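Asks: Each protein sequence line maps, in turn, to chains A and B. Under the UniProt record's numbering, the residue at position 293 of the first sequence is numbered 293, and the numbers go up by one with no gaps. Under the UniProt record's numbering, the residue at position 90 of the second sequence is numbered 90, and the numbers go up by one with no gaps. Even for Gly, the Cβ is constructed at its ideal location relative to N, Cα and C. This one's a predicted model, so the numbers in the text were calculated from it and none came from an experiment. My structure is below; once you've seen it, I'll send some questions.
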Amino acid sequence: MTHLSAELTSTFTAEGAEPFTVDAALEAGDEETVVILGPSGSGKTLLLETLAGFHGHEGTVTADSEDITDRKPEDRDFGFVFQDYALFPHMTVRENVEYGARYRDSPRDADELLAELGVGHLTDRSPPTLSGGEKQRVALARALAVRPEVLLLDEPLAALDVPTRQSLRDDLVDVLADVTSVYVTHNRTTARAIADRIIVMADGRVVQRGTPEAVFERPKSSMVAKFTGSNVVDLSSAPELKSLLNGSGPGAENPARPNGTSGQVAIRPEAIRLQDGDGDLRATVQRVVREDATNRVTLAFDDVTVEAFADHPPSVGSDVSVTFPRDRFHPC
Amino acid sequence: MATETGPSVEVDSGGMTSVALVVGFVVLQGVAFAAAYTTGRPTWYAYFMIGSTAVTAYVLDGSSFTVATATLGSVLVVALGLPLFMFVARQTPSLVVEKALNPDVHRVLYLGVYGPLLAALLSLGFGVPLAHLLSEGFPGQPLVESLVDLPLVVPHSVAGILILFGFGQSGAFPNVSVLGSMVGMVLAMTFVAAPYAVNATRESFEAIEDRLEYASRIHGANRWETFRRVTGPLAARGMITGGVLAWARAVSEFGAVAVVAYSVTFFYPPAGEKVTAQHAPVFVYNTYLQGGLEESGAVAFLLLAVSAVIFLIVRYLTNDDATGGMP
């Protein structure tokens, strides 16, 4: 039960590289999961490591209104799950999970925790002999064993293959429900699945924050829109769509209408509908890519392309009728 | 090995084939050397070794590149190995036994193992913290690195002179007698041996991922605990390697020891009293000057044997995983 709040500025200098400044604020309520979402090199891992106390910084970190800014990592009562597991190779699985027990007041039982996470049969194994998914479950157990006030996770699923990732993600949803956590990822699917709140980072700064719904549906910039999977359409290249949005009818009251001038709008691919009969406009099918349960279709009209989903794939090169729900457009 | 297609022999299936191959090759070389030596034509053996290596390389891996590297490499191996073989072959057993029973030689051998051991421990005791610092990096690090590596490039007699300037009678600690003392000898050995301990340990610290240290810290361990439970154990092999290298370097040190502590007085447990002796390389040199090649050869043979045994024991003790070898 911890409320975490942080305002951090830290500059990193690596040999042969420009100094890189991370400047971000974040807040996570009791048992809330905050996802830091951003592309590679956006500084999200550095932010997480700074939060953990691994790097010096300016600003403050408070946990339950207690200032922990000057505390060393070992005194912050955090848990950390690393992308590359960072298990101690010279210890057994159990010794890894019990690692922090002696430093904390009421650590959790290692065997019990490992069993809960489905790796109870591995207690006496050596980490290098485990698979990626097993390693990450052990690493998660190690972080949870110290009963952390805040759990920090740095791309814990990134190194795993898809089936392993999905099964661990499902378990993470359960685990994260009971602990305040900050979760770094570049994967929007993961972010949407587990986040209570999302912070989008780029170039060391926060570019948007909000609920998953707000960030995914109402991106504030084209960068956020693209990164969260929205189509970004430059209306000056799409006169047909522009007149549709500026014209009479439901679109006329749409607050998203970009002032009747050219501008960029974002729309999620799942909002765009392909249909047999009359739609808003006609588009040419450029490409169809089969995905798990659906097809991702690239549509061309005017001078732009957008992506949409279709259960029944149209044939490439055919003309289809497309409907755009006016209220799903958002200027960006 | 043998990853190329074509006429290649399976050497890695279970390792048995490869062990048999090595044993066969060694026996062949032994027989060839014995034959060449007894007929008084050791030169023939040199040619045989190079030729047999080339043929073996061709049989195992037909590629011209491998044959070329093996043939050229074997020239160096001959240059390194032949003197050793000749040296061993030309020993007079009775002389070796006589020297092995000589109490003076016992003292020299004791000192030759014990002094370097102190130097290796000193090198590690202060070298491990320094190695840890160097692995983490700090401002002005290149200056310290240059100082650490200095003994590797200075002639060792010069190293001895430097020590006398630094710690001799008009040096930094005038109360401590360095010239001709045990302290001086260990100091001279440490001076030349420390770079090996520092550099090997540093490499093993650098090989440890930062994340492991992070994982330790964030789950409650402070820096001392992290060193005790994570980084220290993970770097242990590097420390042992460094220690063995430093010890070996100290055993072989002649120049600096000859300048600083030509002969020293030390407590000798078998006699239960203080005795005076010289460091083994100095003693061997002295014997050579006074008694000639035969005499000094016998002492050198004993020194070589003792060093080899200790080296093998340490290697065996630290070689706990099957893949073998020290890092």
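From Glu-294 (chain B) to Val-153 (chain B), what distance separates their C-alpha atoms?
Replies: For Glu-294 (chain B) and Val-153 (chain B), the distance between alpha carbons rounds to 32 angstroms.
Asks: Per the DSSP calculation, Ala-266 (chain A) is bridged to which residue(s)?
Replies: Note: Ala-266 (chain A) sits in a beta bridge opposite A:Val-232 and A:His-330.
Asks: Check whether the stretch 208–218 of chain A touches the stretch 104–116 of chain A, counting contact only when three or more Cβ pairs, one atom from each stretch, lie closer than 8 angstroms.
Replies: With the cut-off at 8 angstroms, the stretch 208–218 of chain A and the stretch 104–116 of chain A do not touch.
Asks: Take every Cβ of the stretch 93–107 of chain A, pair it with every Cβ of the stretch 31–47 of chain A, and state whether three or more of those distances are shorter than 8 angstroms.
Replies: Short answer: they don't touch.
Asks: Let me make sure I understand the geometry here. Which of A:Val-206, A:Ala-63, A:Arg-273 and A:Ser-65 has the alpha-carbon closest to that of residue 360 (chain A)?
Replies: Missing from the structure shown is residue 360 (chain A); chain A here goes from 1 to 332 and no further.
Asks: Using alpha carbons as the reference points, say which of A:Phe-82, A:Ala-193 and A:Arg-165 lies closest to Ala-141 (chain A).
Replies: The shortest Cα separation from Ala-141 (chain A) among A:Phe-82, A:Ala-193 and A:Arg-165 belongs to A:Phe-82.
Asks: Could one say the Cβ of residue 390 (chain B) lies closer than 8 angstroms to chain A's Cβ atoms, at least one of them?
Replies: Shown here, chain B extends from 1 to 327; a query on residue 390 (chain B) therefore has no answer.
Asks: Could you say which of A:Leu-168, A:Val-93, A:Thr-189 and A:Arg-197 lies nearest to Val-182 (chain A) if we only look at CA atoms?
Replies: Checked all of A:Leu-168, A:Val-93, A:Thr-189 and A:Arg-197; the closest Cα to Val-182 (chain A) is A:Arg-197.
Asks: Count the other C-beta atoms from every protein chain shown that fall within 10 angstroms of the C-beta of Phe-165 (chain B), then say buried if there are 16 or more, exposed otherwise.
Replies: The residue in question, Phe-165 (chain B), is exposed, as its Cβ has fewer than 16 Cβ neighbours within 10 Å.
Asks: Taking DSSP as the reference, what is the three-state secondary structure of Tyr-316 (chain B)?
Replies: DSSP places Tyr-316 (chain B) in helix when its eight states are reduced to three.
Asks: What does Val-230 (chain B) reach in chain C if we use C-beta pairs closer than 7 angstroms?
Replies: The question asks about chain C, but that chain is absent: this structure's protein chains are A and B.
Asks: So within the stretch 217–272 of chain B, which uninterrupted alpha helix (DSSP H) runs reach at least 4 residues, ignoring any that extend past its ends?
Replies: As far as the stretch 217–272 of chain B is concerned, its whole alpha helix (DSSP H) runs of at least 4 residues are 223–226, 232–251 and 255–260.
Asks: Does the stretch 207–225 of chain B touch the stretch 280–290 of chain B, meaning 3 or more C-beta pairs lie closer than 8 angstroms?
Replies: No contact exists between the stretch 280–290 of chain B and the stretch 207–225 of chain B.
Asks: With the cut-off set at 8 angstroms, would you say Ala-256 (chain B) and Val-192 (chain B) are in Cβ contact?
Replies: In contact: Ala-256 (chain B) and Val-192 (chain B) (Cβ atoms closer than 8 angstroms).
Asks: With a 10 Å radius around its C-beta and 16 neighbouring C-beta atoms as the bar for buried, classify Ile-313 (chain B) as buried or exposed.
Replies: Exposed: under 16 other Cβ atoms inside 10 Å.
Asks: Who are the neighbours of Pro-93 (chain B) on chain A, taking C-beta pairs under 7 angstroms?
Replies: Per Cβ cutoff of 7 angstroms: no residues; Pro-93 (chain B) is ~47 angstroms from chain A at best.
Asks: For the candidate residues B:Pro-129, B:Val-183 and B:Tyr-37, whose alpha-carbon lies nearest to that of Ala-197 (chain B)?
Replies: Ranking the options by Cα distance to Ala-197 (chain B), first place goes to B:Pro-129.
Asks: What residues in the stretch 119–151 of chain A bring their beta carbon closer than 9 angstroms to a beta carbon of chain B?
Replies: The residues in question are Ala-139, Arg-142, Ala-143, Ala-145, Val-146 and Pro-148.
Asks: Would you say Glu-66 (chain A) faces chain B, with C-beta separation under 8 angstroms as the test?
Replies: Not closer than 8 angstroms to any Cβ of chain B, the Cβ of Glu-66 (chain A) fails to qualify, so no.
Asks: To the nearest whole angstrom, what separates the beta carbons of Ala-258 (chain B) and Val-108 (chain B), a pair I think is in contact under 8 angstroms?
Replies: No, Ala-258 (chain B) and Val-108 (chain B) are not in contact; Cβ-Cβ is about 14 angstroms, not under 8 angstroms.
Asks: May I ask you to report which of helix, strand or coil DSSP gives Tyr-37 (chain B)?
Replies: Residue state, collapsed to three classes: helix.
Asks: Within 8 angstroms, do at least three Cβ pairs link the stretch 227–246 of chain B to the stretch 266–276 of chain B?
Replies: The stretch 266–276 of chain B vs the stretch 227–246 of chain B: no contact.
Asks: Quick one: which residues of the stretch 47–66 of chain A get their C-beta closer than 9 angstroms to a C-beta of chain B? List them in chain order.
Replies: Residues passing the 9 angstroms Cβ filter: Glu-49, Ala-52, Gly-53 and Phe-54.
Asks: For Arg-90 (chain B), count the other beta carbons within 10 Å of its own beta carbon; 16 or more makes it buried, fewer makes it exposed. Which is it?
Replies: That one is exposed.
Asks: Looking at the unbroken alpha helix (DSSP H) that takes in Thr-201 (chain B), where does it start and where does it end?
Replies: Unbroken alpha helix (DSSP H) run through Thr-201 (chain B): 182–206.
Asks: Can you tell me where the alpha helix (DSSP H) holding Ser-170 (chain B) begins and where it ends?
Replies: That residue, Ser-170 (chain B), is in no alpha helix (DSSP H); it is neither H nor E in DSSP.
Asks: Return the CA-CA distance between His-57 (chain A) and Pro-19 (chain A), expressed in angstroms with no decimal places.
Replies: Going from the Cα of His-57 (chain A) to the Cα of Pro-19 (chain A) covers about 14 angstroms.
Asks: Which of helix, strand or coil does DSSP assign to Phe-54 (chain A)?
Replies: Coil.
Asks: Just curious, the beta strand (DSSP E) that Glu-240 (chain A) is in, first and last residue?
Replies: Glu-240 (chain A) -> not in any beta strand (DSSP E); alpha helix (DSSP H) instead, spanning 239–246.
Asks: Do you know how far the Cα of Gln-286 (chain A) is from the Cα of Leu-51 (chain A)?
Replies: Cα to Cα, Leu-51 (chain A) sits roughly 45 angstroms from Gln-286 (chain A).
Asks: Does Asp-61 (chain B) come out as helix, strand or coil in the three-state DSSP assignment?
Replies: Three-state DSSP puts Asp-61 (chain B) in a strand.
Asks: Alpha carbon to alpha carbon, what distance is there between Tyr-99 (chain A) and Asp-203 (chain A)?
Replies: Rounded to the nearest angstrom, the two C-alpha atoms are 35 angstroms apart.
Asks: Just to make sure I have the definition right: I need the residues of chain A whose C-beta is within less than 8 angstroms of the C-beta of Glu-209 (chain B). Which are they?
Replies: Ordered by position in chain A, the residues that pass the 8 angstroms Cβ test against Glu-209 (chain B) are Asp-84 and Ala-86.
Asks: Gln-208 (chain A): buried (16+ other C-beta within 10 angstroms of its C-beta) or exposed?
Replies: Flag for Gln-208 (chain A) reads buried.
Asks: Cα-Cα, which of B:Ser-135, B:Thr-53, B:Ala-79 and B:Pro-233 is closest to Thr-69 (chain B)?
Replies: When each option's Cα is compared against that of Thr-69 (chain B), the closest is B:Thr-53.
Asks: Where DSSP assigns a beta bridge to Asn-286 (chain B), which residues make up the other side?
Replies: Asn-286 (chain B) is not bridged to any residue.
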